[in-house]
Every structure is written in structure tokens, then in C-alpha cells.
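When we follow the working numbering, the leftmost residue of the sequence shown carries the number 221, and every step to the right adds one.
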Amino acid sequence: MSLSSDLTIYTYDAVIVGSGLAGLAAARELTRAGKKTAVITKLHPLRSHSGAAQGGINAALGDEDSVELHMFDTVKGSDYLADQDAVELMCSKAPETIRWAEQMGAVFSRKENGDIAIRPFGGQSKPRACYAKDRTGLAVLQAIYEQAYRDGIEVFDEWYCADLLYDDGKA
221 MSLSSDLTIY
231 TYDAVIVGSG
241 LAGLAAAREL
251 TRAGKKTAVI
261 TKLHPLRSHS
271 GAAQGGINAA
281 LGDEDSVELH
291 MFDTVKGSDY
301 LADQDAVELM
311 CSKAPETIRW
321 AEQMGAVFSR
331 KENGDIAIRP
341 FGGQSKPRAC
351 YAKDRTGLAV
361 LQAIYEQAYR
371 DGIEVFDEWY
381 CADLLYDDGK
391 A
């Protein structure tokens with residue numbers, strides 16, 4: 221079978237499949253690191269499921285909270301089935317991740333003193349859910365998408381990843 225002459229071949233250092241928060245954040249960081257990056261997504265990025273998250277994002281930001289307690293609550297909530305190394309990484313990076321999302325432009329709800337508001341949520345023993353009213357996922361998704369757009373990340377929306385072409389063992 222010969223290839224048609226009108227077949228376009230795209231070349232990237234990294235291709236992210238999926239344009240939710242994780243996909244867009246990964247694409248943005250790769251682009252900032254100098255990698256030519258593209259995102260393939262079956263929906264427009266602002267329609268990804270990440271936008272449906274409402275309650276908040278857990279992070280040990282409060283004075284009476286700790287990463288260790290956040291880790292314990294997370295492992296306990298998983299009936300002790302969670303990968304504890306992954307839980308440790310997630311919980312220890314959570315405050316930094318909230319600040320990163322804020323720097324990207326995500327607007328979190330605030331206390332009167334200006335700190336990010338936190339509330340109880342999801343079986344945690346301390347209030348630690350940082351939130352943006354009842355639209356946390358959408359607020360963060362819009363901020364990250366805007367930054368990806370500004371960085372010129374190429375997004376192929378309404379595309380499906382059915383096949384990958386291989387060249388010398390690389391996809």
C-alpha cells in the first residue's frame with residue numbers, strides 16, 4: 221500500500237492524548253521545557269471531564285493541618301489499598317500544585333483575610349478542600365487552557381488516537 225501524496229506527517233517531541241487538566245498541564249510544562257508538544261483530544265479542551273469537578277482540591281494549607289495527616293486520610297479513605305508512595309507524592313505536592321494553579325490564573329474562593337478558603341470535603345479529618353465556589357474544575361481548567369493557548373500549544377480537538385506510527389522504536 222502506498223501513502224497518498226496529500227498525507228500530512230506531524231512531528232513532535234511529545235504528544236499528549238487527552239486535554240483534561242493533567243494533559244494540558246503536562247503539555248504546558250513540556251512546552252516550557254523547550255519541547256515541541258501537541259495535544260490530541262476527542263473533545264474541545266474546555267469540555268473535558270475535568271470541568272465537572274465541583275467540590276475542591278485537597279491540600280494541607282491550614283495552620284492546624286499537615287501533609288502527614290492528609291496522607292493518612294487519603295490512605296484510610298482508600299481502605300488502605302492506595303499506593304502509599306503515590307499518596308505521599310500527591311499529598312506533599314498538593315500545596316505547591318494549588319499555588320501553581322493560582323499562578324496560572326485560577327481564582328480560588330478567599331477568606332476575609334485573603335487566604336485561599338478551605339472547607340471540609342470527601343471524608344478528610346480536617347478542612348482542606350481549596351475551592352472556587354461550586355466550579356473548581358472549570359475555574360482551573362479555563363486557567364490552564366488559557367496558558368496553553370498563550371504558549372501556542374497545538375491542540376487537535378475532535379481527533380481520535382487510533383494508531384501511532386513508529387520510527388526506529390519511537391512512537
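Each residue gets a CB set at the ideal place from its N, CA and C atoms; glycine is no exception.
None of these values were measured; they are calculated from a predicted model.
Query	Result
Buried or exposed (CB count within 10 angstroms, at least 16 for buried), Tyr386	exposed
Own chain, CB closer than 7 Å to Ile338, minus 5 neighbours either side, in chain order	Leu281, Gly282, Pro347, Arg348, Ala349 and Cys350
Cutoff 7 Å; reference Val393; Cβ partners in own chain excluding five residues on either side	For the chain, the structure presents residues 221 to 391; residue 393 sits outside this window and is missing.
Whole-angstrom distance between Ala247 and Pro369, CA atom to CA atom	In the sequence as displayed, the identity of residue 369 is Tyr instead of Pro. So the two alpha carbons sit approximately 11 Å from each other.
Closest Cα partner of Gln367 within the set Thr231, Leu266, Ile277 and Asp233	Leu266
Per-residue burial, Ser268 [other beta carbons within 10 Å of its own, 16 or more giving buried]	buried
Own chain residues within Cβ distance below 6 Å of Pro340, not counting five before or after	Pro347
Option in Ala245, Asp303 and Asp226 with minimal Cα separation from Met324	Ala245
Span of the alpha helix (DSSP H), counted from its first residue to its last, around Glu308	Gln304 to Met324
Cβ contact (3+ pairs, closer than 8 Å) linking the segment 228-237 and the segment 254-261	yes
Chain-order list of residues whose beta-carbon lies under 6 Å from that of Trp379 (same chain, five-residue window excluded)	Ile260
Assigned secondary structure, Glu374 (DSSP; H/G/I helix, E/B strand, else coil)	strand
Reference Ala352; option with closest CA among Leu250, Thr228 and Ile277	Ile277
Thr261 - containing alpha helix (DSSP H), residue span	It is not in any alpha helix (DSSP H) - Thr261 instead sits in the beta strand (DSSP E) that spans Thr257 to Thr261.
Under the three-state DSSP convention, the category Arg330 falls into	strand
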